[in-house]
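Novice: Quick one: the structure is below, questions incoming.
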Amino acid sequence: MSYDAIIIGAGLNGLTAAAYLARAGRRVLVLERRDAIGGLAATEELIPGFRFDTCLHDVGWIPPGLLRELRLERHGLELLRSDIAVFAPDGDGGGLTLGRGARAADAVRALSPRDAEKWGEFNALMSRLARVLAALYDEEPPRPTSAATRDLLALGLLGLRIRSLGRRGMVELLRMLPMPVADLLDDWFENDALKGVLAGRGVTELLQGPRSSGTSFVLLHHYLGSDGDGLRGRTAVRGGAGRLAEALAAAAREHGAEVRCGADVARIIVNDGSATGVVLRDGTEITAGQVLSSADPRRTLLELGDPLELDPDFVRATRNFRYRGATARVHLALGELPRFRGLKGHAPLTGTISIAPNVNYLERAYDDAKHGGVSGRPYLEASIPSLLDPSLSPAGQHVLSISVQYAPYRLNGGWTAERREALADAAIATLASYAPNLPDAILDRRVLSPADLEQEYGAPEGSLDHGELTLDQILFMRPVAGWAHYRTPIHNLFLCGAGTHPGGRVAGGAGRLAAGAVLRKAR
Amino acid sequence: MSTRYHAIVIGGGHNGLVCAAYLARAGRRTLVLERRPRVGGAAVSEEVFPGFKFSVFSYVVSLLRPEIVRELELPRHGLHILPLESTLTPLPNGDYLASWADHDRNRRELYRHSPRDAEAYDDFGRLMHHMAMAVKPILGMIPPDPTSLRPSDLRGLLRLRRHFAALGEERLYALYKLMTMSSADFLDEWFESEPLKATKSASGIIGTFLGPRSPGTAYVLLHHYVGEIDGVFRAWGFAKGGTGAISEAIASAARGFGAEIRVDAPVAKVLVRDGRGYGVALENGDEILADVVVSGLDPRRTFLELLEPRALPDELVEAVRRYRFRGSSGKVNLALSELPNFTCLPGAGAHLRGAISISPSVAYLERAYEDAKYGEFSRRPYLDVMLPSMIDPGMAPPGKHVMSIFVQYAPYHVNGGWTDASRDAFGDAVIDTLAEYAPNLRSTIIHRQVLTPLDIERATGLSEGNIFQGELALQQLFFLRPAPAWAQYRTPVENVYQCGAGTHPGGGIMGASGRLAALRILSDRGGNQRGTAA
Chain Y
1 MSYDAIIIGA GLNGLTAAAY LARAGRRVLV LERRDAIGGL AATEELIPGF
51 RFDTCLHDVG WIPPGLLREL RLERHGLELL RSDIAVFAPD GDGGGLTLGR
101 GARAADAVRA LSPRDAEKWG EFNALMSRLA RVLAALYDEE PPRPTSAATR
151 DLLALGLLGL RIRSLGRRGM VELLRMLPMP VADLLDDWFE NDALKGVLAG
201 RGVTELLQGP RSSGTSFVLL HHYLGSDGDG LRGRTAVRGG AGRLAEALAA
251 AAREHGAEVR CGADVARIIV NDGSATGVVL RDGTEITAGQ VLSSADPRRT
301 LLELGDPLEL DPDFVRATRN FRYRGATARV HLALGELPRF RGLKGHAPLT
351 GTISIAPNVN YLERAYDDAK HGGVSGRPYL EASIPSLLDP SLSPAGQHVL
401 SISVQYAPYR LNGGWTAERR EALADAAIAT LASYAPNLPD AILDRRVLSP
451 ADLEQEYGAP EGSLDHGELT LDQILFMRPV AGWAHYRTPI HNLFLCGAGT
501 HPGGRVAGGA GRLAAGAVLR KAR
Chain E
524 MSTRYHAIVI GGGHNGLVCA AYLARAGRRT LVLERRPRVG GAAVSEEVFP
574 GFKFSVFSYV VSLLRPEIVR ELELPRHGLH ILPLESTLTP LPNGDYLASW
624 ADHDRNRREL YRHSPRDAEA YDDFGRLMHH MAMAVKPILG MIPPDPTSLR
674 PSDLRGLLRL RRHFAALGEE RLYALYKLMT MSSADFLDEW FESEPLKATK
724 SASGIIGTFL GPRSPGTAYV LLHHYVGEID GVFRAWGFAK GGTGAISEAI
774 ASAARGFGAE IRVDAPVAKV LVRDGRGYGV ALENGDEILA DVVVSGLDPR
824 RTFLELLEPR ALPDELVEAV RRYRFRGSSG KVNLALSELP NFTCLPGAGA
874 HLRGAISISP SVAYLERAYE DAKYGEFSRR PYLDVMLPSM IDPGMAPPGK
924 HVMSIFVQYA PYHVNGGWTD ASRDAFGDAV IDTLAEYAPN LRSTIIHRQV
974 LTPLDIERAT GLSEGNIFQG ELALQQLFFL RPAPAWAQYR TPVENVYQCG
1024 AGTHPGGGIM GASGRLAALR ILSDRGGNQR GTAA
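Take a look at the structure:
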């Protein structure tokens, strides 16, 4: 049995690529190592009766084109949107609730009238700049050195798009991208709590602190798809992130794609520099015209592929691609909702609960990790998805998931069960200092270190983005300069995972563009 | 005052002097006004203690543009650069890493620490050479404004694109990585030996308020690689007579072309009428008239003090207020009765003729930065130490020595502010750190001078004591230095220009800003006889 295309990995990107290829009439087989699809977008009953988004805090921004083209809503996808982006408790019976619209502006005004005056302008600017980002993420990365008409046209269009920001917008964009988020926020705001929350958004999933250059760029991600009146509200998927994977799989199957679970690819078969199929762990060989891998670049090229087939410089560049996961996940089954001091009603809890009281707090949390330790006072991003979607937990009970930063993959002495649990204890204690009933509300818990995220879910070095999203690893640099367009030096072997443009925070983005590259090649 | 000048240059720092020299060379009646009793700004030599001469602030030279040396004939005016031939990094375990000018000796030394690094070293050197060659033309170019549609800017952008395209894909990508990566990550791609990585990454943090693991520092590393003396890349040197001798040579060249230089002449204001500058007012009330006024001071002083901010566009004033200085380094100058004796390499060997770098590991540098992040000086700072009297015996009385210690991090905004007590404590931390490697140091000290960023600001006028007139961070470079739309040496006030290190390319004893400003003025006002923008 032979296929037009084999896709390694049934995560969001693998399934997206499958759906697009199948839609174009290709015979497609998706091979998934685990027993369930979803990859990092897994939703699992980690504790009986309680379903968790195991790895992802957020599915990220879903390109509107993807939703439309694959008609995902017809395939069962239901997005639940909260207008609340963040709730940041202050420990004194109050907190900052940020999201869209006038309510957020009021919340900022309560902290600082001066900051409130700038809040609207800041959001409008960030949203405008994020629209450039969104446009970049909708297309293959630009090719700055190519002289081909098509590429020059694309570059020209990009130039026009940036120019359309106006002089002021252009300058702000070029100036902001390399800036430390702490400096950017100092330019605009004075209130520590506000700056802390926003700075946290600039370092998510990064092993960098808010004073590191390039972190403003990461903050910009949180404005993708916002309508100009604030941070993008939290978006959840009814039934959990896994349902997004299921909708993608349904779209793929509708067009005839086959999805096989429990099929662990051991090796990519290469003949005369060209990929012709894969060998499974059990020895089964499956041939195909093309192989697409949504596994990370290093695993794809150096483990599933054979480094001896590759140019040494390319191998070196692939080895130098940095992953550096920095996040652990703590999942709690709760008998009751946490009661944050002074908080009336629980609407703010439908957003992300952020513990990043000020910029120095984040910076200190990073200092610990920089030297190979876990943050003593970690930066937390917690969410209670069962508030938007009660089907995730038994009636009256809740699920709470915490992303804990910084938990470096390369921990001094390595990750052990004890250290993993100690990290969970620290995270819970930190949260409990704002919501004292939390420890008693916990029925059970599951903890995943970056090492677990790698081992079980294929997140390389625990990186949920399949590689740091830093300026030197995006666009035409991702994953390797000169090889950023989904092709590899092995003929007919393509990358389609988050290790390629646009990376891990755009659901299905890489898969969609990779499929485009494969299809275009055939024309 | 009846004399009218073609040009007045405010500030006799090296960029002001270079600018004046080029203007005078083109036949302009030029006057330089310097606040202090001597020219040089931060590039001065002073006999701080009787018999002991110091390059008080800036202490090494490598970035001085060769075209300036050539066009101003500086050697004829007394410029004599003595090469620094080695860098020694003493280690806490009693070992050291040395880098020598001699290629084979250097390789053997590296091999001792890591055969792999010794293998990679030449390739790394080649890459950095190519990268330095790639940015070199940009350093000699008036930065085009990418937001402008003026023909001159579009031409500049086109030239830039052609330059980058000509580099070829591989070098362009490597350059992009250098511009965006941290020096620690960049060096990790090449080397494994900690002292090597740390000593190299140290040049990526100089003058910035960043640690070596922060992206953006690899560019500063490259900036320091661009230095050249007599066309040799990455050769650092020391001016005979101290860095003041460089300023004196440029001043002498300027005078040779007919420029007038007045010291003890602090300028209070630029005189402006109807949006045009027409001279300056000195602090003593004297007014001196000129067709053109050029400020060699940093952007904050130029736009917010010399000019009237209310008369400037809001956008520019806002950009200048956002422009970051954040001085992060200090200086300790010591008069020594005898040479320090380093435990790792005892005696008065060749290593004392070069730089001595206290940078045992990247984590050490990061820890030094961590103190500064929260408003303290580094308890165990990064030190770049030199013994100028070993190279130029004229700097100290016979048998005695002067030691220059560049220290980072010493934040300008230190908790509680800088006081005599905190300055002393800072000096002690520096001596204690160095004494760990050279235990006899304390007993050899006859005098010490400790300079905090606040002291540097007070003495030289550099805002917040930033040695580069503003951080060399990506968002403050090229067409953004010091402010978008005002990065081409002009100001919104007609006839008023800027020529300090706060403009492109800025930083180090380079002189490029002064030269480019002069070329800009000459081309704006016609009659450019000699020299064109590269």
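For the record, the sequence lines run as chains Y and E. At position 254 of the first sequence (counting the first as 1) the number is 254 in the numbering used here, and the numbers step up by one without a gap. For any residue, its number in the numbering used here is found by taking its place in the second sequence, counting from 1, and adding 523. Every residue, glycine too, gets a C-beta built ideally from N, C-alpha and C. Keep in mind that this is a model prediction, so the values were computed, not measured.
#1: Which residues in chain Y have a C-beta closer than 7 Å to the C-beta of LYS700 of chain E? List them in chain order.
#2: To which residues of the same chain is GLY464 of chain E closer than 6 Å at the C-beta, ignoring the five residues directly before and after it?
#3: Could you give the DSSP three-state label for LEU349 of chain Y: helix, strand or coil?
#4: Please confirm whether PRO511 of chain E has its beta-carbon closer than 8 Å to some beta-carbon of chain Y.
#5: Leaving out five residues before and five after ALA982 of chain E in sequence, what residues of the same chain have Cβ atoms less than 7 Å from its Cβ?
#6: Just checking: is the beta-carbon of MET477 of chain Y within a distance shorter than 8 Å of some beta-carbon in chain E?
#7: Taking Cβ positions only, does GLY739 of chain E come closer than 8 Å to chain Y?
#8: Can you tell me which of E:THR553, E:HIS970, E:VAL541 puts its alpha carbon nearest to the alpha carbon of ARG527 of chain E?
#9: Would you say ARG678 of chain E reaches chain Y, if we count a Cβ-Cβ gap shorter than 8 Å as a contact?
#10: Kindly indicate the opening and closing residues of the alpha helix (DSSP H) around THR318 of chain Y.
#11: According to the neighbour-count rule (16 or more other Cβ atoms, all chains shown, within 10 Å of its Cβ), is LEU987 of chain E buried or exposed?
#12: ALA498 of chain Y and ASN123 of chain Y - do their beta-carbons sit closer together than 8 Å?
#13: Consult DSSP for ALA1008 of chain E and reduce its assignment to one of helix, strand or coil.
#14: Find out if the Cβ-Cβ distance for the pair TYR932 of chain E, ASP894 of chain E is shorter than 8 Å.
#15: Taking Cβ-Cβ distances shorter than 7 Å, what residues in chain Y pair up with PRO1007 of chain E?
#16: Answer with yes or no whether the minimum CB distance from ALA721 of chain E to chain C is below 8 Å.
#17: Are the beta-carbon atoms belonging to TYR406 of chain Y and ASP452 of chain Y less than 8 Å from one another?
#18: I want to see whether chain E comes within less than 8 Å of ALA481 of chain Y, judged by CB atoms only; does it?
#19: Would the beta-carbon of GLU309 of chain Y fall within 8 Å of that of THR352 of chain Y?
#20: By the 7 Å beta-carbon criterion, what residues does the segment 370-381 of chain Y contribute toward chain E?
#21: Give me the residue from Y:ARG487, Y:GLY233, Y:VAL404, Y:GLY101 with the minimum Cα distance to LEU206 of chain Y.
#22: In terms of alpha-carbon separation, which member of E:VAL908, E:MET654, E:GLU810, E:SER901 lies closest to PHE580 of chain E?
#23: Report the option in E:ARG847, E:LYS576, E:GLY767 whose CA atom is closest to the CA atom of GLN992 of chain E.
#24: Give the interface partners of LEU1003 of chain E over in chain Y, defined as CB-CB distance under 9 Å, in chain order.
#25: Roughly how many angstroms lie between the CA atoms of ASP947 of chain E and VAL973 of chain E, to the nearest whole one?
#26: For the segment 162-178 of chain Y against the segment 87-104 of chain Y, do three or more pairs of beta-carbon atoms, one drawn from each stretch, fall closer than 8 Å, so that the two count as touching?
#27: Among the residues of its own chain, which have a CB less than 8 Å from the CB of LEU362 of chain Y, if the five just before and after it don't count?
#28: In terms of alpha-carbon separation, which member of E:ARG785, E:VAL1019, E:LEU1003 lies closest to ASP1047 of chain E?
#29: Which one of Y:ASP35, Y:GLY11, Y:ARG51 has the shortest CA to CA distance from ASP389 of chain Y?
#30: How long is the line joining the alpha carbons of LYS521 of chain Y and ALA135 of chain Y, rounded to whole angstroms?
#31: At the 8 Å Cβ level, is ASN358 of chain Y part of the contact set with chain E, yes or no?
#32: Can you grab the Cα-Cα spacing for the pair GLU838 of chain E / GLY120 of chain Y, in whole Å?
#33: So what does GLU783 of chain E bridge to, in DSSP terms?
#34: Just to confirm, is the Cβ distance from GLU557 of chain E to GLY535 of chain E under 8 Å?
#35: Going by alpha carbons, who is nearest to PRO666 of chain E out of E:LEU677, E:MET656, E:ALA871?
#36: Going by Cα to Cα distance, which pick from E:LEU614, E:ILE914, E:ILE968 is closest to PHE572 of chain E?
Specialist: Checking against the coordinates, here is how it stands:
#1: In chain order: ASP472.
#2: A query on residue 464 of chain E cannot be resolved here, the shown segment of chain E reaching from 524 to 1057 and no further.
#3: helix
#4: Here chain E has residues from 524 to 1057 only, and residue 511 of chain E is not among them.
#5: The answer is none, since no qualifying residue turns up.
#6: yes
#7: yes
#8: Closest option to ARG527 of chain E, Cα to Cα, is E:THR553.
#9: no
#10: 312-320
#11: Residue identity check: residue 987 of chain E is Glu in the sequence provided, not Leu. Under this definition GLU987 of chain E is a buried residue.
#12: no
#13: coil
#14: Yes, the pair counts as a contact, with Cβ atoms nearer than the cut-off.
#15: Under the 7 Å cutoff, chain Y gives VAL171.
#16: Going by chain labels, chain C is absent from the structure shown, which instead holds the protein chains Y and E.
#17: no
#18: yes
#19: no
#20: LYS370, HIS371
#21: Y:VAL404
#22: E:VAL908
#23: E:ARG847
#24: VAL171, LEU174, ARG175
#25: 7 Å
#26: no
#27: GLY196, ALA199, GLY200, VAL203, GLY209, PRO210, ALA356, TYR379
#28: E:VAL1019
#29: Y:ARG51
#30: 22 Å
#31: no
#32: 19 Å
#33: E:LEU554
#34: yes
#35: E:LEU677
#36: Here the closest residue by C-alpha is E:ILE968.
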